[in-house]
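The structure appears below as structure tokens.
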Amino acid sequence: MASTSKKRKWNETYQQYGFTKFSRDGLDAAQCIHCSTVLANCSLKPAKLSHHQSNLHPNIELTEKDLEAKRKRFDKQGTLPNYGYQPESKPMVQASFEVALKIKERKKAHTIGEELIKPCAEIMVRNVLGDKARREISKISLSNNTVRRRIEGAPRTTGSSE
110 MASTSKKRKW
120 NETYQQYGFT
130 KFSRDGLDAA
140 QCIHCSTVLA
150 NCSLKPAKLS
160 HHQSNLHPNI
170 ELTEKDLEAK
180 RKRFDKQGTL
190 PNYGYQPESK
200 PMVQASFEVA
210 LKIKERKKAH
220 TIGEELIKPC
230 AEIMVRNVLG
240 DKARREISKI
250 SLSNNTVRRR
260 IEGAPRTTGS
270 SE
């Protein structure tokens with residue numbers, strides 16, 4: 110005889126423990142707003158939620174107002190980062206597009222971005238603005254495939270350009 114476990118439902122009172130509702134495979138689960146840990150459906154019990162908070166976040170004491178503000182920020186972030194997907198920031202993508210278009214205009218090999226432009230830009234930024242800025246610049250994707258995709262995805266213009 111197959112055993113069936115009780116399927117627990119989300120209760121809004123769980124928010125007082127610092128959790129937000131998370132659905133996985135059609136079942137309710139709890140996601141901690143402090144560490145993004147997703148607890149299984151069987152952990153939807155006040156005692157287990159309280160245990161998580163007291164053992165993993167003992168020094169976090171938030172008022173109801175603080176919890177609500179943090180929960181709103183957490184919900185706004187979305188869940189994709191919790192699965193390892195980090196969306197690229199718009200300035201990084203914009204810079205990647207602009208460099209790709211310059212490479213196309215000069216009719217250079219797509220690999221020049223990764224082999225020459227990016228290392229040179231990192232050296233200049235590190236020397237002028239410091240290592241923190243260099244780390245930010247290094248996040249700009251200029252690989253051969255990325256440059257090709259950016260060029261293919263760029264709007265095509267006809268006629269002469271200045």
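For the working numbering, add 109 to where a residue sits in the sequence shown, where the first one is 1. Backbone N, C-alpha and C define an ideal beta-carbon position, used for all residues, glycine too.
With a Cβ-Cβ cutoff of 8 Å, do Glu231 and Ile246 count as a contact?
yes
Given this structure, state the Cα-to-Cα distance separating Ser159 from Phe128, to the nearest angstrom.
10 Å
Looking at the unbroken alpha helix (DSSP H) that takes in Asp240, where does it start and where does it end?
Run containing Asp240: 240-246, per the alpha helix (DSSP H) assignment.
As assigned by DSSP and simplified to three states, the class of Ser205
The answer is helix: DSSP assigns Ser205 an H, G or I state.
For Cys151, decide whether its Cβ has a neighbour in chain C, counting only Cβ atoms nearer than 8 Å.
Absent from the structure: chain C. Only one protein chain is present.
Proximity below 8 Å, CB of Lys179 to CB of Asn150
Not in contact: Lys179 and Asn150 (Cβ atoms no closer than 8 Å).
6 Å CB neighbourhood of Val147 in its chain, flanking five on each side removed
Phe131, Ala138, Gln140
Give the single residue among Asp240, Ala156, His166 whose Cα lies nearest to the Cα of Ser145.
His166
For Lys217, which residues does DSSP report across the bridge?
Lys217 pairs with nothing; no bridge assigned.
May I ask you to report which of helix, strand or coil DSSP gives Arg259?
helix
Hey, could you find the ends of the beta strand (DSSP E) Leu136 is sitting in?
136-141 is the extent of the beta strand (DSSP E) around Leu136.
When you compare only the Cα positions, how much space is there between Ile260 and Lys157?
52 Å
Taking the alpha-carbon positions, what's the Asn56 to Gln125 distance?
No answer is possible for residue 56: the residues shown for the chain start at 110 and end at 271.
Let me know the secondary structure DSSP gives Leu158 once reduced to three states.
helix
Could you check how far apart the C-beta atoms of Leu210 and Lys227 are, in whole angstroms? I think they sit under 8 Å.
With a Cβ gap of about 15 Å, Leu210 and Lys227 do not count as contacting.
Going by alpha carbons, who is nearest to Glu121 out of Asp134, Glu177, Thr172, Ser163?
Glu177
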